[in-house]
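Q:
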Amino acid sequence: MNKFDLVVRPIYHRLRNRIEGHICICFTAYTIMLELERILKAAKSEITIYRAQELVKNMYAITYTLPKSKQTKRVYLGMDEEQSELCQLVVPDWRKGT
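Just so we're aligned, residue 1 is where the sequence shown starts under the numbering used here, counting upward by one.
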C-alpha cells in the first residue's frame, strides 16, 4: 500500500468533534492496514493486502460463554487454507479457541 491508495473523500461534518472523530477513524484504519502489510511482508506471505481484504469478507467466528465455568470460547468457522494462514499471522493462538 502506498499513499495513493489512501482515498480521501469529502467530510460532510460541521461539528469539530465529528470532524476530528472522522479523521481519527480514517487514520486508525490506515494504520491497521499498514501494520497488516508489515506482518504479511515479515512472514514472506504471498497474500497481498488487497487479497487479505477479500479473504476477511467471509471469515466468521462464534464466541460463547460456558454456563458453569463462565469460560469464554471462540470458534472460527470453515476457513480455507489462505484464510487460515492469514488468521495465523494476525492472531497466532487462534486455533486454541479462546
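Glycine included, C-beta positions come from ideal geometry on N, C-alpha and C.
Taking the alpha-carbon positions, what's the Leu86 to Tyr30 distance?
A: As a working mapping, residue 86 is identified with position 86 in the sequence shown. As a working mapping, residue 30 is identified with position 30 in the sequence shown. Taking the straight line joining both Cα atoms gives about 18 Å.
Q: Are there 16 or more other CB atoms within 10 angstroms of the CB of Ala52, so buried, or fewer, so exposed?
A: Position 52 of the sequence shown, counted from the first residue, corresponds to residue 52. With 16 or more Cβ atoms within 10 Å of its Cβ, Ala52 is classed as buried.
Q: Return the bridge partner residues of Leu77 from the DSSP annotation.
A: Taking the first residue of the sequence shown as position 1, residue 77 is located at position 77. Answer is Tyr60.
Q: Enumerate in chain order the residues of its own chain whose CB-to-CB distance from Ile62 is below 6 Å, with the five nearest sequence positions on each side excluded.
A: Position 62 of the sequence shown, counted from the start, is the residue given in the question as residue 62. So the list reads Val75, once near-sequence residues are dropped.
Q: Does the beta-carbon distance from Ile39 to Val90 come in below 8 Å?
A: Residue 39 sits at position 39 when you count from the first residue of the sequence shown. Residue 90 sits at position 90 when you count from the first residue of the sequence shown. Yes, the Cβ-Cβ distance between Ile39 and Val90 is below 8 Å.
Q: To the nearest angstrom, report how far apart Met1 and Ile49 are at their CA atoms.
A: Against the sequence shown, residue 1 aligns to sequence position 1. Against the sequence shown, residue 49 aligns to sequence position 49. For Met1, the pLDDT reaches just 47, beneath the cut-off of 50, and the residue's location in the model is therefore unreliable, although a value from the coordinates is still provided. Cα to Cα, the separation comes out at about 7 Å.
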